[in-house]
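Undergrad:
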Amino acid sequence: MANTETSLKEAAQIEGAIGAALVDYTSGMALGTIGGGKEFDLNMAAAGNTDVVRAKVRTMEMLGLKDGIEDILITLSGQYHLIRLLTSRDANGLFLYLALDKSRANLAMARHQLKKIGDELQV
81 MANTETSLKE AAQIEGAIGA ALVDYTSGMA LGTIGGGKEF DLNMAAAGNT DVVRAKVRTM
141 EMLGLKDGIE DILITLSGQY HLIRLLTSRD ANGLFLYLAL DKSRANLAMA RHQLKKIGDE
201 LQV
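Residue numbers (the working numbering): 81 to 203.
1. For the alpha helix (DSSP H) that L194 lies in, which residues bound it at each end?
2. Would you call L166 buried or exposed, if buried means 16 or more other Cβ atoms sit within 10 Å of its Cβ?
3. Determine whether the beta carbon atoms of L180 and A190 lie at a separation below 7 Å.
4. Please classify I94: is it buried, with 16 or more other beta-carbons within 10 angstroms of its beta-carbon, or exposed?
5. Relative to the C-alpha of H161, which residue among M140, L194, N172 and M142 is closest?
6. Please classify A135 as buried or exposed, where buried requires at least 16 other C-beta atoms within 10 Å of its C-beta.
7. By Cβ distance below 8 Å, which residues in the same chain neighbour S157 in space, the five residues on each side in sequence not counted?
8. D131 lies in the alpha helix (DSSP H); which residues open and close that run?
9. Could you say which of G115, I98, R138 and G99 lies nearest to Y105 if we only look at CA atoms?
10. According to the neighbour-count rule (16 or more other Cβ atoms, all chains shown, within 10 Å of its Cβ), is V164 buried or exposed?
11. DSSP three-state label for T106, please.
12. Going by beta carbon distance, what residues of the same chain come within less than 7 Å of K196, once the five residues before and after it are set aside?
13. Just curious, the beta strand (DSSP E) that L165 is in, first and last residue?
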């Protein structure tokens, strides 16, 4: 099992990574971040993506869908934004957020690696 810092460092090593965060979507607060910079504010992205997760969870409830959300993908012209909801009992209400440079990233591998990181994360 890996802690938050180790998990974020692993996420930052994913090919094409711009930045990563562990986010509490009940509060919108980033519990940890790595990467980003003045051009890409990960705390702002964490708060904004909290709204995305809440909206999707609410929509699924209204539709009566019993499936769990694995991940949410937002595709921009130059970036991928990947949101991976964590499902372990101690990580309920958390998600891993990963921003990728589309020209350098392999989306399938990034999803696979982010799932592995999320599965090993001990909060």
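Ideal placement from N, C-alpha and C gives every residue a C-beta, glycine not left out.
TA: According to the structure data:
1. Taking the sequence shown and counting its residues from 1, one reaches residue 194 at position 114. L187 to E200 is the span of the alpha helix (DSSP H), which, as asked, contains L194.
2. Taking the sequence shown and counting its residues from 1, the one referred to as residue 166 is at position 86. Answer is buried; the Cβ neighbour count reaches 16.
3. Locating residue 180 in the sequence shown gives position 100, where the first residue counts as 1. Locating residue 190 in the sequence shown gives position 110, where the first residue counts as 1. Cβ distance < 7 Å, so L180 and A190 count as in contact.
4. Reading the sequence shown from its first residue, position 14 is the one you call residue 94. Buried, because 16 or more other Cβ atoms sit within 10 Å of the Cβ of I94.
5. The residue you call residue 161 lines up with position 81 of the sequence shown. Answer by Cα proximity: L194.
6. Within the sequence shown, numbered from 1, the residue matching residue 135 stands at position 55. Its Cβ having fewer than 16 others within 10 Å, A135 is exposed.
7. Here residue 157 corresponds to residue number 77 of the sequence shown, with the count starting at 1. So the qualifying residues of the chain are K182.
8. Walking along the sequence shown from the start, residue 131 turns up at place 51. D131 -> alpha helix (DSSP H) spans L122 to L143.
9. Translated into the one-based positions of the sequence shown, residue 105 becomes position 25. For Y105, the nearest C-alpha among the options comes from R138.
10. Your numbering for residue 164 matches position 84 in the sequence shown. Rather than Val, the amino acid found at residue 164 in this sequence is Arg. R164 comes out buried.
11. Counting from 1 along the sequence shown, the entry for residue 106 is found at position 26. Three-state DSSP puts T106 in coil, outside helix and strand.
12. Position 116 of the sequence shown, counted from the start, is the residue given in the question as residue 196. Excluding residues within five positions, none has a Cβ falling inside 7 Å.
13. Your numbering for residue 165 matches position 85 in the sequence shown. L165 -> beta strand (DSSP E) spans Q159 to L165.
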